[in-house]
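Beneath this line is the structure, given in structure tokens, with notes to follow.
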Amino acid sequence: MGSAEPRIEILIVGAGLAGLFCALECKRRGFAPIVLESRDVVQSVGDFITIGPTAIRAFKNWPTLYDAFHKAAYDTNVYYHKQNGEVAAGPRKVNESFGWNIIRPDLHKMLMDTVLAKGIELSDGEILYADLVIAADGIRSKSWTVVTGEEPKTYSSGSAIFRCAYPTSHAMTIPSLRENWDISTHGETMHFFLGSVSHGIMLIGKEKICWGWMHRDDETTSTESWSAKLSSETALQQLDGDGEWSPEYRAVVDATPPNSIVHWKLVWRDLHKDWVSPKGRVVQIGDAAHAFLPTSVNGGTQAFEDAVSLPCCLRMAIDQKGLDGIPTATRVHNTLRLDRVSFIQQLGFKRRHAYYNLDWEAVKKDPSIVASEPAKWQYEHDPDKYATDRFEECRNCLETGKAFKNTNVPEHYTFEPWTVKDMEAGTK
């Protein structure tokens, strides 16, 4: 690893998962990043998140983080149910190709502890100057006007999702849940309940039980915010309006403690191709660059891949050109990552459509229709190695105008821009 001379001033805006891990990777590459967070006390709320193997392998560079992650991650058996609770597929053991589930606030705390232990500076919003700004401030990033000149257009999906987590001990007071899914008998389990107009998910762990329900949006209580809370009575009323549900799933919703259900509006966005400002000194990562539908099961993983790729590109470009290499680094990173991110975003749309149009007789014959494993191109990818191996070729293509072909996607995939309208029409 080369030395960071001259000193490179890097500001990372946003102390979420992408921002914190990017700070660690910048530190590993010899930089001295400062993380900016607008809140006085960094907090993280939410239920669980799935982190894929491409991200988890990157944690190995931080042994304390890697060990803490594996101690806290859920070791689940997965079941796929009809809406009424009938098991259609499973149990299927979650393996390393799929990744691991973990409580989001737990993962956030692990990252924050590691950042602080490594002496990375946190700031709360004073005026600062930098050679590079990394925008990791989420779907409402303040960087849009700098990067593209305008706010992104959004589209109502007509759907929203209830999200919640509370102590498993509280849920296990439910007799039917204790009888059918007690951890001492069945281990930690994840359940998908798939209906024709909505679907639910339930994760039962030793410490926390999480549930979510993707449904038609009533447009009155949902928003893209972790602070939009509603009562279990309201949630249950909406749930019952969509037909008969698994008694255990319904009971878990009913037992939810007050003020703990987040009502998250699912908003669609067209593909965002350009994550870098015209002068190359502001770059977006994570949700700021590419939002994912929950059905992609990949938003967190791709945020971590960004956080590995960008510092790697920065190190190589700066070693070659000093400060003048920063715009090259950000543009190479954007090019290396775009095709992969775009394809996985499309998979989220396609999986959502498939879940709402299931042939249950076909599922009985072939459970992989709902319980498919990730492909090798997804789980064998190494964002660090990929950036290292392809940087020079990509840089040369950008400088000469030659076409660059990514290999971190399916073998015969050819990138094409897409819109929400395309995905809804099934033309992509």
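FYI, in full-length UniProt numbering the residues of the sequence shown are 1 to 428. Don't be surprised by glycine CBs; every beta carbon is placed ideally from N, CA and C. Computed from a predicted model, the values in this text were never measured in an experiment.
Secondary structure note for H272: it is in no alpha helix (DSSP H), with a DSSP letter that is neither H nor E.
Annotated as proximal: R395 and T328, with beta-carbon spacing under 7 Å. Residue state for H70 is assigned as helix, using DSSP reduced to three classes.
In this structure, DSSP gives Q378 a helical state, which the three-state scheme calls helix. C-alpha of H81 to C-alpha of K321: approximately 56 Å in a straight line.
Here DSSP, grouped into helix, strand and coil, assigns L336 to helix. A289 sits away from W268, with the two beta carbons spaced by 7 Å or more. In this structure L177 is in contact with E248, their Cβ atoms being roughly 5 Å apart against a cut-off of 8 Å. Runs of beta strand (DSSP E) with 3 or more residues, each lying fully within the region 11-62, are found at 34-36 and 48-51, listed in chain order.
Q238 counts as buried, since at least 16 other C-beta atoms from the protein chains shown sit within 10 angstroms of its C-beta.
In the structure shown, E392 falls within a helical segment according to DSSP collapsed to helix, strand and coil. In the three-state reduction of the DSSP assignment, I369 falls in the helix class, which pools H, G and I. Looking at H353, D389, Y386 and P367, the one whose alpha-carbon comes closest to that of G90 is P367. Between the region 284-299 and the region 351-360, the count of C-beta pairs closer than 8 Å reaches three or more; the two stretches touch.
Remark: C-beta atoms of R140 and G46 do not approach each other more closely than 7 Å. In the DSSP assignment, M190 falls outside any alpha helix (DSSP H) and within the unbroken beta strand (DSSP E) covering E188 to L194. Contact annotation, F69 with F59: C-beta distance approximately 6 Å; criterion of less than 8 Å satisfied.
Here W100 carries a strand assignment [DSSP, helix/strand/coil]. Comparing C-alpha distances from F343 to each of L398, I369 and N406 shows the shortest one belongs to N406. Short of 8 Å from the beta carbon of E150, and not among the five residues preceding or following it, lie these beta carbons of its own chain, in chain order: W144. In the displayed model, N180 falls within a helix according to three-state DSSP. Here A136 is near A18, since their CB atoms are less than 7 Å apart. For K279, the closest C-alpha among the options I12, I10, L132 and R39 is that of L132. Closest in C-alpha terms to Q345, from the list W62, C164, G30 and Q302, comes Q302.
For the set I12, Q83 and W264, the Cα lying nearest the Cα of L358 is the one of Q83. Looking from the CA of E207, the closest CA among V13, I183, E424 and A291 belongs to I183. Taking R340 as the centre and dropping the five residues before and after it, the same chain places the C-beta of N408 and V409 closer than 6 Å to its C-beta, in chain order. In the DSSP assignment, L239 falls within the unbroken alpha helix (DSSP H) covering S232 to D240.
With respect to the 7 Å criterion, G85 and R163 are not classified as neighbours on the basis of their beta carbons. Between C26 and I10, the C-beta gap is smaller than 7 Å, which places the two residues in contact.
Burial state of D389 is exposed, judged by a 10 Å Cβ sphere holding fewer than 16 other Cβ atoms. When DSSP states are grouped into helix, strand and coil, E399 belongs to the helix group.
The Cβ atoms of L20 and L111 sit closer than 7 Å to each other. By the Cβ neighbour-count rule, D287 is buried, with 16 or more other Cβ atoms within 10 Å of its own. Beta bridge pairing from DSSP links H81 with V87 and F193.
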